[in-house]
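The sequence shown finishes on residue 175 if you use my numbering, and the numbering steps up by one all the way, no holes.
Ideal Cβ placement from N, Cα and C applies to all residues, glycine included.
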Amino acid sequence: MNLDWVKHRLLLTIATFILIIFLQLPIHSAERINFNYGLLGFNIKVEDLAIFAKEGKITRHLNFYLKRISAEKQEKLRKFLQSDYKIDPVLA
């Protein structure tokens with residue numbers, strides 16, 4: 084009986100230790116958004132999109148993509164980026 088208690092206590096201690104380690108790991112947000120179209124793919128920095136949405140400034144990296152669309156579509160994209168969306172965290 085005493086040996087079972089020791090095993091149970093040891094497993095509980097190990098499980099607690101593992102949880103503490105994993106709960107303290109830093110969480111990193113996405114730094115880039117990847118777009119894939121068949122064999123072609125590219126990525127855009129989230130920071131570049133944030134600057135465009137907040138200030139209307141187009142960074143050098145973002146300019147590579149935005150120069151291919153009209154000013155009207157750029158403004159629609161900016162409004163889209165500024166909008167709030169309700170997303171179910173379970174599905175995200």
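In this structure, how does DSSP classify Y168 when only helix, strand and coil are distinguished?
coil
Applying the 10 Å Cβ sphere with the 16-neighbour rule, what's the burial state of F125?
exposed
Please state if the CB of L149 and the CB of I141 are separated by a distance shorter than 8 Å.
yes
Which two residues bound the contiguous beta strand (DSSP E) that contains I116?
R115 to Y120
Tell me the DSSP bridge mates of G124?
N119
Residues near I134 in its chain [Cβ-Cβ closer than 7 Å; skip 5 each side]
K140 and T142
Rounded to the nearest angstrom, how far is the Cβ of Q165 from that of A136, given a contact under 8 Å?
5 Å
Three-state secondary structure (DSSP) of T142
coil
Kindly indicate which three-state DSSP category K129 falls into: helix, strand or coil?
In the sequence as displayed, the identity of residue 129 is Val instead of Lys. It is helical.
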